[in-house]
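> Chains as they are written, first to last, in this note's numbering: chain A, 1 to 115; chain B, 1001 to 1110. Just so it is clear, CB atoms sit at the ideal spot from N, CA and C, and this is done for glycine as well.
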């Protein structure tokens, strides 16, 4: 148990569906992240929120829409995805996004399959 | 842009053997380096964090070293066990981002 909880663990959705991934951290951190992990590729940073403000959008297509209502919760809203978006989506948190010396903590991930 | 490389991509060793995993990075201006373990279908678990001013960190059978000037880190696993089988990733912190390698998939054969 890392203190970062992701739901659902598995999601299958059609290309016209709308769904959301949820992440909650119980560590008192102020920074939260979404990463995408595809087979044989490095982890890809998607979004960074620091004190509820988005500080990084790594050229992510608009069919992925993040939401951070408070420092403990992070959502990734999904709409009209493509089969190539199928991957493991990992949420993470750290004390602050801009401080050095941070340790980053990951959730268990949400496996997304787009059919 | 920072690039992190891990070699080898896969490694298979008999139980009890000592082994070394390698991580290299292109920009030496890092704040720290972390080693993670990832089991199949799971998230990443932090193993060791080395600050840029440190040379090594130890935790149980694990020892990680950092040579910032040459852009290299190693993770040494002593007396490997089947339970060590997993993918090991390294990540460096530059600026406000974490940069990850593609990982080394380790199999320890009983």
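Can you determine whether any heavy atom of the ligand FAD sits closer than 7 Å to the C-beta of residue 105 of chain A, and answer yes or no?
As for the ligand FAD, it is missing from this structure, which has no ligand bound.
> Could you name the residues of the segment 88-114 of chain A whose beta carbon sits closer than 9 Å to any beta carbon of chain B, in the order they occur along the chain?
Those would be 88, 90, 91, 92, 94, 96, 97, 98, 99, 100, 101, 102, 103, 104, 105, 106, 107, 108, 109 and 111, in chain order.
> Can you list, in chain order, the residues of its chain with a C-beta nearer than 7 Å to that of residue 97 of chain A? Leave out the 5 residues immediately preceding and following it.
31, 48, 50 and 55.
> In the segment 1093-1105 of chain B, which residues sit with their C-beta less than 9 Å from some C-beta in chain A, listed in chain order?
Correct list: 1093, 1095, 1096, 1097, 1098, 1099, 1100, 1101, 1102 and 1103.
> Mapping the DSSP letters down to three states, classify residue 84 of chain A as helix, strand or coil.
It is helical.
> Going along the chain, which residues of its own chain have a beta-carbon closer than 6 Å to the beta-carbon of residue 113 of chain A, five neighbours each way excluded?
These residues qualify, in order along the chain: 12 and 86.
> Quick check on residue 42 of chain A - is its C-beta less than 8 Å from some C-beta in chain B?
Yes, its Cβ sits closer than 8 Å to a Cβ of chain B.
> Answer yes or no: does any C-beta atom of chain B fall closer than 8 Å to that of residue 80 of chain A?
No - not a single Cβ of chain B is within 8 Å of the one on residue 80 of chain A.
> Quick check on residue 1084 of chain B: does DSSP put it in helix, strand or coil?
It is helical.
> Does the Cβ of residue 82 of chain A have 16 or more other Cβ atoms within 10 Å, making it buried, or fewer, making it exposed?
Exposed: under 16 other Cβ atoms inside 10 Å.
> Compare the C-alpha of residue 1014 of chain B against each of B:1082, B:1023, B:1049 and B:1103 and name the closest.
Nearest of B:1082, B:1023, B:1049 and B:1103 to residue 1014 of chain B, Cα basis: B:1082.
> In angstroms with no decimal places, state the Cα-to-Cα distance between residue 20 of chain A and residue 75 of chain A.
Approximately 7 Å between the Cα atoms of the pair.
> Go ahead and label residue 1050 of chain B buried or exposed: buried means 16 or more other beta carbons lie within 10 angstroms of its beta carbon, across all protein chains shown.
Buried, since its Cβ has 16 or more Cβ neighbours within 10 Å.
> Identify the contact partners of residue 2 of chain A in chain B, using a Cβ-Cβ distance below 9 Å as the criterion.
Neighbours of residue 2 of chain A on chain B, chain order: 1043, 1044, 1045 and 1046.
> Report the CB separation of residue 1022 of chain B from residue 1093 of chain B in whole angstroms; it is logged as a contact under 8 Å.
No, residue 1022 of chain B and residue 1093 of chain B are not in contact; Cβ-Cβ is about 19 Å, not under 8 Å.
> Report all residues from its chain with a CB closer than 8 Å to the CB of residue 1074 of chain B; omit the five preceding and five following residues, and keep chain order.
Excluding positions up to five away in sequence, the list reads 1020, 1021, 1022, 1023, 1064 and 1065.
> Pull up the CB-CB distance for residue 1099 of chain B and residue 1006 of chain B, whole angstroms please, since I reckon it's below 8 Å.
Actually they do not touch by this definition, with Cβ atoms about 12 Å apart.
> Here's a check: name, in chain order, each residue in its chain whose Cβ is nearer than 8 Å to the Cβ of residue 1011 of chain B, leaving out the five neighbours to either side.
The residues are 1019, 1021, 1104, 1105, 1106 and 1107.
> By Cβ distance, which residues of its chain are closer than 7 Å to residue 16 of chain A, with the 5 residues on each side in sequence left out?
The residues are 80.
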